[in-house]
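> Before I ask anything, let me first share the structure, which is written out below as structure tokens.
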Amino acid sequence: MLGQSFQDLLARAKQATAQARVREAYQLWTEVLRLKPTNVEALFNLGIIAMTNGDVATAVGLLQSAHQAAPTEPMVLLHLANARAQTGDVQGQWDALQQALAIDPYFMPALLGQGQILYGQGKKRAAASMFRNAIKIAPLPSECPEWLKTPLAEAHQVVYDHMQELTAHLEGALGSTRAALEASVLERWDEAVSILSGKTTPYHSVCNQLHVPRLPAIPFYNTELFPWVADLEARTDDIRAEMMRALSDHGTDFTPYINYRAGQPVNQWQELNQSTRWASYSLWRAGVPDKANLARCPATAAALQAVEMAEIGGLCPNAMFSALSPHTAIPPHHGETNARLVVHLPLIIPENCLYRVGFEHRRWQEGKVLVFDDTIEHEARNDSDLLRVVLIFDVWNPLLSKAERDMVNAATSAVSAFYAAE
């Protein structure tokens, strides 16, 4: 019966604590401690109550006793550190946090606490490093406890300020060395400095389907690698004229590029799904020609025939006029395979349009080809009041040999056959 009575007492104390009935909780926990002087929950909760009431010396004593009774509980050490901080014992605070991290190196509140100590001592760079480690393991904002939101927000700000300071330092220190670089490698080293300072992270190739390992993740390719570029650019006016006729006479054939069925997960495409804000006039789709649209655009069809388009069963070639409405953004996304690259021939480009692949940003120029790896995160914006239109098609990655291209097709065909058999 005594054991049952104690359990009832314990349950009542916990309930009073949970419901913030502080006076009742204090009385109940005091009775628990009288019956069991080493009860960790009583020592801990009475320590918290004492700290809340401003009786910091009592709080330190109770929390130290709680730690002795439960030496592997990091949360006890966290509150002991907070109590010591209120007495001005910064070293004791640090030691308690260090003990908590020795128990659990991923105990984020202790990392935040040590970062706060370092920041208070004027060691802002060391604090930023500590805060960065805490941020890496922080819960999602929707899952973050209220008591951690403010310290985390402050940590983010310190890390951001540190990044800005380090970026400025690196730019100043490396300025003369950077000036000696060839223009073709400037963006590589600007990105390297950005990664070094923590401003950005590396952008990798992420394929939705076939990933060919060991191909470099190059955002924009040098167009000199593609002998057909000059000829294609020379045909811009004819291609644009056909696009304008298609837009005028067959505007309803510009259909939503994003077209998920009901019930399919749309993720970042929710705003553009089944919307003509991003519309396409298809010439080739997943390896199948749109004969009617190609017949309406003979100059464009001839230009595409002069290009070595990628041919991957069930995937390529693709070609289309891509129309992006005013004040519309295509969210960051990744493509299907790095075995192919994507080409843009800009046809109608108002001001305030921007394209990003990985770290690099480009402004389209009418009649100037861009070739890029769309498996690197990329996005587009049309912040103008006018329509933006580009011709888009895909070509083989020039780093693949003929035998490797055959391997790409063999692999994709084998996968298709595997699923078709069921």
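Following the numbering used here, the numbering of the sequence shown begins with 2 at its first residue and continues without gaps.
From the three backbone atoms N, C-alpha and C, an ideal C-beta is built for every residue, glycine too.
Can you find at least 3 beta carbon pairs, one from the segment 259–269 and one from the segment 242–251, that sit closer than 8 Å?
Judged by Cβ distances under 8 Å, the segment 259–269 makes no contact with the segment 242–251, as fewer than three pairs qualify.
> Drop a sphere of 10 angstroms on the beta-carbon of arginine 126, count the other beta-carbons inside from all chains shown, and report buried for 16 or more, exposed for fewer.
To locate residue 126, count along the sequence shown from 1; it is residue 125. Exposed, because fewer than 16 other Cβ atoms sit within 10 Å of the Cβ of arginine 126.
> What three-state label does DSSP hand histidine 170 in the structure shown?
Locating residue 170 in the sequence shown gives position 169, where the first residue counts as 1. DSSP places histidine 170 in helix when its eight states are reduced to three.
> Rank Lys200, His170, Pro220, Ile196 by C-alpha distance to the C-alpha of valine 207 and give the top, closest one.
Position 206 of the sequence shown, counted from the first residue, corresponds to residue 207. Measuring from the Cα of valine 207, the nearest candidate turns out to be Pro220.
> Output the boundary residues of the beta strand (DSSP E) element that contains isoleucine 349.
Counting from 1 along the sequence shown, the entry for residue 349 is found at position 348. Counting along the chain, the beta strand (DSSP E) containing isoleucine 349 begins and ends at 341–349.
> Can you tell which of Pro203, Asp395, Leu171 has the C-alpha that lies nearest to the C-alpha of phenylalanine 373?
Sequence index remark: in the sequence shown, residue 373 carries index 372 (1-based). Out of Pro203, Asp395, Leu171, Asp395 has the C-alpha closest to the C-alpha of phenylalanine 373.
> Below 7 Å between beta carbons: does that hold for histidine 377 and alanine 193?
Along the sequence shown, one-based indexing puts residue 377 at 376. Along the sequence shown, one-based indexing puts residue 193 at 192. Contrary to the premise, residue 377 reads as isoleucine rather than histidine in this sequence. Taking 7 Å as the Cβ cut-off, isoleucine 377 and alanine 193 do not qualify as a contacting pair.
> With the cut-off set at 7 Å, would you say threonine 88 and asparagine 46 are in Cβ contact?
Here residue 88 corresponds to residue number 87 of the sequence shown, with the count starting at 1. Here residue 46 corresponds to residue number 45 of the sequence shown, with the count starting at 1. Contact: no.
> What runs of the alpha helix (DSSP H), each 4 residues or longer, lie entirely inside the segment 2–58?
Counting whole runs of 4 or more residues, the segment 2–58 contains the alpha helix (DSSP H) stretches 3–19, 23–36, 41–53.
> Let me know the secondary structure DSSP gives arginine 189 once reduced to three states.
Taking the sequence shown and counting its residues from 1, the one referred to as residue 189 is at position 188. Three-state result, arginine 189: helix.
> What did DSSP end up calling alanine 373 once you bin it into helix, strand or coil?
Here residue 373 refers to the residue found at position 372 when the sequence shown is read from its first residue. Inspection of the sequence shows that residue 373 is occupied by phenylalanine rather than by alanine. Three-state DSSP puts phenylalanine 373 in a strand.
> Report, in whole angstroms, the separation of the C-beta atoms of valine 91 and isoleucine 118, which I expect to be a contact under 8 Å.
By 1-based counting over the sequence shown, the position of residue 91 is 90. By 1-based counting over the sequence shown, the position of residue 118 is 117. About 6 Å separates the two Cβ atoms, so the contact holds.
> Going by beta-carbon coordinates alone, are tryptophan 270 and leucine 325 separated by less than 7 Å?
Working through the sequence shown from its first residue, we reach residue 270 at position 269. Working through the sequence shown from its first residue, we reach residue 325 at position 324. Contact: no.
> Identify, in the order they occur along the chain, each residue of the same chain with its Cβ nearer than 7 Å to the Cβ of alanine 156, setting aside the five sequence neighbours on each side.
Here residue 156 is taken as the residue at index 155 of the sequence shown, counted from 1. The answer, listed in chain order, is Leu113, Gly116, Phe132, Ala135, Ile136.
> Whole angstroms are fine: how far does the CA of leucine 149 sit from the CA of proline 142?
Numbered from 1 along the sequence shown, position 141 holds the residue referred to as residue 142. Numbered from 1 along the sequence shown, position 148 holds the residue referred to as residue 149. Distance between the alpha carbons of proline 142 and leucine 149: 10 Å.
> Distance check for lysine 200 and phenylalanine 322, CA to CA, integer angstroms please.
Counted from its first residue, the sequence shown places residue 322 at position 321. Counted from its first residue, the sequence shown places residue 200 at position 199. One C-alpha to the other measures close to 35 Å.
> Tell me whether tryptophan 229 sits in a helix, a strand or coil according to DSSP, three-state version.
If you number the sequence shown from 1, residue 229 lands on position 228. In the structure shown, tryptophan 229 sits in coil (DSSP, three-state: anything other than H, G, I, E or B).
> Can you have a look at glycine 48 and say buried or exposed, based on whether 16 or more other CB atoms are within 10 angstroms of its CB?
The sequence position of residue 48 within the sequence shown is 47, counting from 1. So glycine 48 ends up on the buried side.
> Taking the C-alpha atoms as reference points, what is the distance between methionine 2 and leucine 34?
Here residue 2 refers to the residue found at position 1 of the sequence shown. Here residue 34 refers to the residue found at position 33 of the sequence shown. Reliability of the predicted coordinates at methionine 2 is poor, the pLDDT of 38 falling under 50, and the value obtained from them is presented with this limitation in mind. Straight-line Cα distance between these residues: approximately 18 Å.
> If you count every other CB in all the chains shown that lies within 10 Å of the CB of isoleucine 240, and 16 or more means buried, which is it?
Within the sequence shown, numbered from 1, the residue matching residue 240 stands at position 239. Flag for isoleucine 240 reads buried.
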